[in-house]
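At the far end of the sequence shown sits residue 423, using the numbering used here, and the numbering has no gaps. Note that beta-carbon positions come from the ideal geometry of N, C-alpha and C, so glycine has one too. Predicted model, so just to flag it, every value in this text is computed and none were measured.
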Amino acid sequence: MSKNLERVDLVPPEKVKGFLGSYYPPPDPVPHFINKKLEEIYSVKRMHIIVNPFAGKRKGKEISNLISNDLNESNIKSIIYFTEHSGHAEDLVLNLEFHEGDALMSVGGDGTLSEIITGLLKRKDSSSQRIPVSIVPSGSGNSQANDMEITDYLDAVQRVFDGRLRKMDVGKVTFRDGEEKKVRYSHNLVGWGLGVDANILAEKMRFLGPIRYDLGSLMSIIRGRVRKAKCYIDGNLIDSSFILLLIQNTKTGGDRLTLAPMAHVDDGKMDLGIIYHISRFKVLKLFNQLKAAGSHVWNPNVEYYRFKNLVIETDEPTFINVDGENLGTTPLEVEVMASALKVFH
């Protein structure tokens with residue numbers, strides 16, 4: 079292995095006694111942002127509000143009208159755009175005409191935000207370097223907002239008024255959709271293996287609400303699929319059989335699960351959790367520890383890395399998930415774009 083390979087060797091804390099016996103406590107919280115040098119002040123003159131009306135509890139239209147009223151009262155112009163299909167937010171942002179003092183606002187979940195960021199970073203002009211993004215949590219998955227402690231639209235609007243920006247990293251994700259190579263910019267996570275299996279099953283049970291994620295995970299654990307892959311971490315090859323590879327920019331994912339408790343969004347790297355081929359019983363134990371605020375990282379069956387570039391190659395195309403959406407298949411490359419996005423915080 080190369081010296082460039084950064085493995086995070088975690089030393090478990092002392093166990094604490096509980097009603098059902100001793101257990102490892104969850105890791106201590108770490109800050110979302112750690113680089114204060116990446117802070118600036120921005121005065122918004124006009125807000126482009128991109129709304130996914132189908133996200134979460136489908137309150138996007140109602141929320142966006144309230145936001146527009148609040149912004150107008152503070153002499154900030156606003157334009158509301160409603161998405162009509164998958165990929166629409168990306169197309170909207172890709173073709174918007176920006177002026178000085180403009181900003182973007184995402185009203186939806188992690189997937190909507192992912193599309194907005196992708197549209198912004200794919201532009202040929204300098205917009206990605208100067209246009210900041212505001213995040214309003216209104217989807218079924220709001221991991222970025224959760225980690226930034228944005229509670230609702232009022233909180234998000236107040237942060238716009240305050241005008242404090244921070245730069246954060248994103249992952250440039252290159253994957254396959256059939257024979258076509260595609261790119262999506264990830265702010266949250268990229269999954270391969272059991273996590274994607276669980277998400278695919280959960281999508282078929284949306285009528286059950288958030289519990290569908292637990293059911294999808296349990297069903298996937300029972301099925302016990304194992305996949306061969308070549309994983310290159312900053313050029314270092316791991317050729318093995320895996321249960322799961324989970325790439326994180328944020329600490330949380332899904333229904334507020336603490337997947338990568340040591341992650342920061344502005345350290346120039348993304349975090350990687352690896353679970354190799356182990357028994358179903360051990361995977362189930364890991365799942366229970368994960369539900370306990372991220373204490374799975376103390377489990378010896380989890381390897382934890384940080385990287386700038388990651389490649390996953392498989393003999394047959396296997397599904398991937400980007401920011402909560404099942405988008406395509408391997409081969410997969412994730413390149414960390416340090417400080418690529420400005421957000422109100």
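Query - Per-residue DSSP class, three states only, for Phe365 - result: Correct three-state label for Phe365: helix.
Requested in this report: Report the three-state DSSP secondary structure of Leu323 (helix, strand or coil).
Outcome: The three-state reading of DSSP puts Leu323 in strand, counting E and B together.
Query raised in the report: Whose C-alpha, out of Leu337, Ser205 and Glu381, is nearest the C-alpha of Leu88?
Result: If we check each option's Cα against that of Leu88, Glu381 comes out closest.
Report task. Say whether the region 351 to 364 touches the region 306 to 324, bearing in mind that this needs 3 or more beta-carbon pairs closer than 8 angstroms, one atom from each stretch. Result -> Flag = yes, the region 351 to 364 and the region 306 to 324 touch.
Query raised in the report: Ala280 by DSSP, collapsed to three states: which one?
Result: Residue state, collapsed to three classes: helix.
Query raised in the report: CB-CB under 8 angstroms to Asn404, same chain, minus the five flanking residues each way: which ones, in chain order?
Result: Excluding positions up to five away in sequence, the list reads Val274, Asn277, Ile278, Glu281, Phe397 and Ile398.
Query raised in the report: Ser417 to Trp376, Cα distance in whole Å?
Result: One C-alpha to the other measures close to 30 angstroms.
Requested in this report: Within the region 199 to 272, note down every full beta strand (DSSP E) run reaching 3 residues or more, in order along the chain.
Outcome: DSSP runs (the beta strand (DSSP E)) wholly in the region 199 to 272: 211 to 215, 242 to 255, 258 to 264 and 267 to 271.
Requested in this report: Report all residues from its chain with a CB closer than 8 angstroms to the CB of Ile112; omit the five preceding and five following residues, and keep chain order.
Outcome: Non-local C-beta neighbours of Ile112 in its own chain, meaning closer than 8 angstroms and more than five positions away in sequence, comprise His342, Asp344 and Asp345, ordered along the chain.
Query - Stretch pair the region 327 to 338 + the region 361 to 377: three plus CB contacts closer than 8 angstroms - result: Contact between the region 327 to 338 and the region 361 to 377 is present, because at least three Cβ pairs lie under 8 angstroms.
Requested in this report: Starting from the C-beta of Val251, find all residues in its chain whose C-beta is less than 6 angstroms away, skip the five residues before and the five after it, and write them out in chain order.
Outcome: Taking C-beta separations shorter than 6 angstroms and ignoring five residues to either side along the sequence, the partners of Val251 in its chain run Arg262, Ser264, Val268, Val400 and Val412, following chain order.
**Report entry** Integer-rounded CB distance, given that Ser319 should sit under 8 angstroms from Lys329
**Finding:** So it is not a contact: roughly 28 angstroms between Cβ atoms.
Query raised in the report: Thinking C-alpha only, which one of Ile213, Lys420 and Val421 is nearest Gly189?
Result: Of the candidates Ile213, Lys420 and Val421, the one whose C-alpha sits nearest the C-alpha of Gly189 is Ile213.
Report task. Using three-state DSSP, classify Asp180 as helix, strand or coil. Result -> Of the three classes helix, strand and coil, the one that applies to Asp180 here is strand, per DSSP.
**Report entry** Three-state class that DSSP yields for Leu88 in the structure shown
**Finding:** Coil.
Query raised in the report: When DSSP labels each residue in this structure, what does Glu168 get in the three-state scheme?
Result: Residue state, collapsed to three classes: helix.
Query raised in the report: Ends of the alpha helix (DSSP H) at Asn143?
Result: Gly138 to Glu151 is the span of the alpha helix (DSSP H), which, as asked, contains Asn143.
Query raised in the report: Quick one: any contact between the region 296 to 311 and the region 189 to 204, if contact means 3 or more CB pairs under 8 angstroms?
Result: With a cut-off of 8 angstroms, the region 189 to 204 and the region 296 to 311 do not count as touching, because too few Cβ pairs lie within range.
Report task. Just tell me which of Leu144, Gly313 and Lys93 has its CA closest to the CA of Leu83. Result -> Comparing Cα positions, the closest option is Gly313.
Query - First through last residue of the alpha helix (DSSP H) which encompasses Tyr291 - result: Unbroken alpha helix (DSSP H) run through Tyr291: Ile289 to Arg301.
Query - Boundaries of the beta strand (DSSP E) in which Ser100 is found, first to last residue - result: Start and end: Gly99 to Tyr101.
Query raised in the report: Three-state secondary structure (DSSP) at Val274?
Result: Annotated three-state conformation of Val274 is helix, per DSSP.
Report task. Could you tell me if Arg451 is buried or exposed, where buried requires 16 or more neighbouring beta carbons within 10 angstroms of its beta carbon? Result -> For the chain, the structure presents residues 79 to 423; residue 451 sits outside this window and is missing.
Report task. Decide if the region 141 to 159 is in contact with the region 96 to 109; the criterion is three or more beta carbon pairs, one per stretch, under 8 angstroms apart. Result -> No: the two stretches stay apart, fewer than three of their Cβ pairs being nearer than 8 angstroms.
Report task. Tell me Leu388's beta-bridge partners as DSSP assigns them. Result -> According to DSSP, which records beta bridges pairwise, Leu388 is partnered with Ile311 and Val412.
Query - Contact between the region 129 to 136 and the region 240 to 257 (3+ Cβ pairs under 8 angstroms) - result: Here the region 129 to 136 does not lie against the region 240 to 257, with fewer than 3 beta-carbon pairs under 8 angstroms apart.
Query raised in the report: In terms of residues, what are the limits of the beta strand (DSSP E) holding Lys155?
Result: First-last of the beta strand (DSSP E) with Lys155: Lys155 to Phe160.
**Report entry** Best match in Tyr120, His126 and Tyr159 for proximity to Lys139 [C-alpha to C-alpha]
**Finding:** The option with the nearest alpha carbon to Lys139 is Tyr159.
Query raised in the report: What number of angstroms, rounded off, separates the C-alpha of Arg244 from the C-alpha of Leu116?
Result: Each residue's Cα considered, the two are about 6 angstroms apart.
Query raised in the report: Applying the criterion that 16 or more other CB atoms from any shown protein chain within 10 Å of the CB defines a buried residue, is Arg301 buried or exposed?
Result: Exposed, since its Cβ has fewer than 16 Cβ neighbours within 10 Å.
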